[in-house]
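129 is the number of the first residue of the first sequence in the numbering used here; add one for each residue after it. For each residue, glycine too, the CB sits at the ideal point set by N, CA and C. I have placed the structure first, in the form of structure tokens, so that the comments after it can refer back to it.
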Amino acid sequence: MVSVTFPDGAQRQFPAGVTGFEIAKGISPSLAKRTIAMALDGVVVDLADPIQQDAKIEFVDREDPRALELIRHDCAHVLAEAVQALWPGTQVTIGPVIENGFYYDFFRETPFTPEDFVAIEKKMREIIARDAPLTKEVWSREDAISFFEKKGEAFKVELVQSIPGNEDLKIYKQGEWLDLCRGPHMTSVGKIGTAFKLMKVAGAYWRGKSENPMLSRIYGTAFAKQEQLDAYLKQIEEAERRDHRRLGREMDLFHFQEEAPGAIFWHPKGWTLFQTLVAYMRRRLSGDYQEVNAPQLMDKNMWEISGHWGWYRENMFMSKSAGDDTEDERTYAIKPMNCPGHVQIFKHGLRSYRDLPIRFAEFGVVHRYEPSGAMHGVMRVRAFTQDDAHIFCTEEQLAEECHKINELILSVYGDFGFGRIVVKLSTRPEKRVGTDAMWDHAEAVMMRVLDEIKARHGDIIETSLNPGEGAFYGPKFEYVLRDAIGRDWQCGTTQVDFNLPERFGAFYISPTSEKTPPVMVHRAICGSLERFTGILIEHFAGHMPLWLSPVQVVVATITQDADDYAFELIAAMRKRGLRVDADVRNEKINYKVREHSLAKIPVMVVVGKKEALEKTVSIRRLGSQAQTAMTMEEAIASLVEEATPPDVKRID
RNA sequence: GCCGCUUUAGCUCAGCUGGUAGAGCACAUCAUUCGUAAUGAUGGGGUCACAGGUUCGAGUCCUGUAAGCGGCACCA
């Protein structure tokens with residue numbers, strides 16, 4: 129007998145091996161009918177699973193949040209069945225649930241197109257309407273392999289072979305069709321319902337390895353209710369509206385063109401935004417860091433010494449004198465990173481342990497030959513500006529420096545309103561320099577710091593491990609922010625490097641007068657300022673806070689009678705440091721309001737005869753139809769206050 | 001880089017199964033001086049991404065190249 133505890137606390141005895149379905153049916157047929165799975169001690173399993181030991185039971189129905197994953201997973205199976213019904217010979221591989229839905233990867237001569245969706249969805253609806261029960265069987269390895277071999281499912285055979293011997297091979301059947309699957313699943317495919325949609329097709333490598341064959345992936349999503357699906361689709365639309373590429377065009381911030389793939393043409397307003405960010409970051413450095421600037425081009429031997437030429441060459445641009453008669457035949461590399469330059473500055477002169485830590489910062493423009501398919505607006509480019517710094521310190525100072533950087537990063541992100549931040553620790557990659565002992569040591573320090581960060585800032589920080597994802601010269605922390613469309617972007621980073629200073633023969637004189645290589649910490653707060661700008665644009669949906677907005681105020685006149693007053697106002701505002709434009713065109717005020725609203729100008733100051741006479745202004749804020757009247761002095765004072773960057777506000 | 005798709009005026013897009021380019025917005029000129037999301041009239045503007053090919057004839061079909069988009073892989 130087993131003792132089963134119900135959610136209300138009641139306990140009942142059942143023969144061992146009783147299924148959840150039997151228990152539910154014993155309570156009421158309607159409960160059995162609407163229950164799609166059960167949770168035993170909080171773990172969701174098949175309703176038909178036998179209960180072998182005492183457990184707390186919960187019956188999961190379609191409305192249960194935990195059912196969503198099952199609905200999507202079952203939907204992926206139905207997708208696979210539909211595809212094989214429509215195109216026999218298509219091989220199935222895997223079909224997992226992901227954050228906002230599911231996908232299924234197929235192997236097929238001709239990939240799917242979105243036009244196929246109509247037919248596939250129709251077939252899926254047929255399959256769901258048939259409501260075949262989902263039943264589980266455990267097969268032997270041999271049976272599974274021979275079954276899938278006979279079916280010509282080479283990928284499934286490979287999957288079976290890769291499952292550890294001590295694990296059961298579970299097969300889920302839905303009518304005639306079946307799939308190898310870990311489960312759990314609902315009781316029948318009819319429980320999926322009709323609130324599902326195929327979203328897009330894409331190529332994806334088998335098992336995520338670029339040397340493997342390319343599969344054809346179909347993405348889909350499913351919800352318990354149609355309203356939820358509709359809401360999700362609407363949310364996607366809204367996210368697309370705040371795509372930085374779209375806003376960049378609408379707000380006239382930047383553009384791209386064929387001649388410079390992966391490089392940004394910053395327009396006046398975009399560049400002002402960018403420079404406002406730079407100015408902010410520069411202020412945040414003062415006191416702790418010394419700003420430097422190292423050459424854009426250096427002889428490639430510099431990069432041979434650093435190891436980049438060996439490990440990173442595929443990603444580098446190089447350059448030579450273009451003249452026909454030049455005597456300089458040397459090959460120069462365009463810097464993909466700032467570190468070697470900073471090491472040269474460190475090396476210039478003799479350093480004492482008393483000088484450490486030395487922190488060199490640079491708004492360094494780097495060029496990296498990124499794969500063509502990687503480019504994405506200003507988020508992923510081939511030429512970008514890092515808010516980079518390199519800290520030369522002793523081993524004893526390392527942990528403290530990591531913490532100092534962490535505090536700065538969190539403070540900066542906080543100023544921009546980012547709440548949820550993921551910090552990942554990436555450990556040694558396969559391609560790397562340095563001894564295992566060095567890596568052991570560096571990783572141990574980083575691990576300790578990560579735990580401490582988590583303990584201090586667990587409320588806003590989520591931490592995780594990224595095994596094998598470190599830089600070739602050392603482990604790193606990655607600070608990840610999420611864009612409007614739910615894509616994650618690495619921004620800040622802290623990378624410990626026990627390698628580069630030694631390679632360049634950099635050292636300091638220790639208390640015992642010995643030449644000692646310093647520990648080097650590479651660090652960036654925004655990471656790429658271009659990317660960070662893009663994230664800001666999306667984060668604020670173009671409605672930048674006043675201090676960041678490239679044009680803060682537009683003074684618009686109603687008639688020409690107010691022109692002189694408008695210019696007087698503008699002069700007064702500029703004198704106080706506000707970024708103001710005039711709009712004295714011969715256009716209706718409606719037209720001007722509309723135009724500047726679309727351009728996302730945060731503040732419109734409207735002046736006509738009345739205001740000119742009284743020395744007042746009528747203020748209209750972006751996103752609101754309300755108008756506030758106040759005196760010129762009041763208006764300027766409050767705008768100046770609001771336009772003060774958050775870090776400057778903190779000073780007094 | 002890989003799979004698929006896309007590329008027509010400054011922008012957003014029409015252009016059926018091949019018969020020598022169209023709209024809206026924007027821009028220019030003129031009129032209008034009008035109190036909070038589009039005043040009206042007139043006008044200019046495209047070797048249809050680029051290079052080949054098929055055809056009597058290509059924006060439309062085929063091939064290649066480039067850039068972009070959605071993913072994958074890579075990454076700040």
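C-alpha distance - R722 paired with L741, whole-angstrom precision: About 26 Å.
Would E558 be called buried (16 or more neighbouring beta carbons within 10 Å of its own) or exposed? Flag for E558 reads exposed.
Contact check, R659 vs W617, beta carbons under 8 Å: Taking a C-beta distance under 8 Å as the contact criterion, R659 and W617 qualify as a contact pair.
My output table needs one value for M446: the three-state DSSP class, helix, strand or coil. Reduced to three states, the DSSP call for M446 is strand.
Neighbour-count burial assignment, Y601, 16 or more Cβ in a 10 Å radius: With 16 or more other Cβ atoms within 10 Å, it is buried.
Contact between the region 699–710 and the region 677–690 (3+ Cβ pairs under 8 Å): Flag = yes, the region 699–710 and the region 677–690 touch.
Taking Cβ to Cβ, would you say V608 is nearer than 8 Å to V624? For V608 and V624, no; Cβs fall outside 8 Å.
Could you please give me the residues that DSSP links to R410 through a beta bridge? According to DSSP, R410 shares a beta bridge with no other residue.
Could you say which of D189, P216, V509 lies nearest to V494 if we only look at CA atoms? From the listed residues D189, P216, V509, the smallest Cα separation to V494 is found for V509.
Can you tell me where the alpha helix (DSSP H) holding R258 begins and where it ends? Its alpha helix (DSSP H) spans residues 244–258.
Do the region 329–344 and the region 269–277 meet, that is, are 3 or more Cβ pairs less than 8 Å apart? The way I'd put it, the region 329–344 doesn't touch the region 269–277; fewer than three beta-carbon pairs between them come closer than 8 Å.
Taking 6 Å as the limit between beta carbons, can you name the residues of its chain near K720, skipping five residues before and five after? Excluding residues within five positions, the ones whose Cβ falls inside 6 Å are A684, D711.
L214: first and last residue of the uninterrupted alpha helix (DSSP H) it sits in: Here the alpha helix (DSSP H) through L214 covers 195–214.
Write down the C-beta distance between E490 and E419 rounded to the nearest angstrom, noting that I regard them as a contact closer than 8 Å. Contact between E490 and E419 holds: their C-beta atoms lie close to 7 Å from each other, under 8 Å.
Touching or not, the region 387–401 and the region 432–451, by the rule of three or more beta carbon pairs under 8 Å? Cβ pair count under 8 Å is below three, so no.
What's the C-alpha gap between F520 and G598? Counting only the Cα atoms, G598 lies some 20 Å from F520.
Rounded straight-line distance, which links the Cα of E281 to that of F149: A straight-line Cα-Cα distance of about 33 Å links F149 and E281.
Can you grab the Cα-Cα spacing for the pair L308 / I185, in whole Å? If you take the alpha carbons of L308 and I185, they lie about 27 Å apart.
Quick check: what's the CA-CA separation for E243 versus R200? Answer to the nearest angstrom: the Cα atoms are 22 Å apart.
As assigned by DSSP and simplified to three states, the class of I581: Three-state DSSP puts I581 in a helix.
Length of the line joining the Cα atoms of S158 and G293: If I take the Cα positions, the gap works out to 40 Å.
Can you check DSSP and say which residues form a bridge with G229? Note: G229 sits in a beta bridge opposite I226.
Which residue from E355, K251, V172, L175 puts its Cα closest to that of A208? Measuring from the Cα of A208, the nearest candidate turns out to be K251.
Exposed or buried, which one is P730 when buried takes at least 16 other CB atoms within 10 Å? Buried, by the Cβ-count rule.
CB-CB length for A144 against V132, believed under 8 Å: About 11 Å; that fails the 8 Å criterion.
Look up A323 in the DSSP assignment and say whether it is helix, strand or coil. In the structure shown, A323 sits in coil (DSSP, three-state: anything other than H, G, I, E or B).
Look at the alpha carbon of R140 and the alpha carbon of V146, and state the distance between them as a whole number of angstroms. Inter-residue distance for R140 and V146 is about 12 Å (C-alpha atoms, whole angstroms).
Using DSSP bridges, identify the partner residues of D514. Residue identity check: residue 514 is Gln in the sequence provided, not Asp. Looking at the DSSP assignment, Q514 forms a beta bridge with G492, S656.
Please say whether R576 and A527 have beta carbons closer to each other than 8 Å? Yes, they are a contact pair.
If you reduce the DSSP assignment to three classes, tell me which class M166 lands in. In this structure, M166 counts as strand in the three-state DSSP scheme.
Spatially closest choice to K279 from D136, E378, P216, by CA coordinates: The candidate whose alpha carbon is nearest that of K279 is P216.
Which of the three DSSP states is assigned to N466 in this structure? In the structure shown, N466 sits in coil (DSSP, three-state: anything other than H, G, I, E or B).
Counting along the chain, where does the alpha helix (DSSP H) carrying L375 start and finish? The continuous alpha helix (DSSP H) containing L375 extends over residues 372–378.
Can the beta-carbon of K737 be found closer than 8 Å to that of D692? Cβ distance not < 8 Å, so K737 and D692 don't count as in contact.
Comparing C-alpha positions only, which one of A422, N718, M732, E197 sits nearest to Q472? The shortest Cα separation from Q472 among A422, N718, M732, E197 belongs to A422.
Taking the CB atoms as reference points, tell me whether T744 and M760 lie closer together than 8 Å. Result yes, Cβ atoms of T744 and M760 sit closer than 8 Å.
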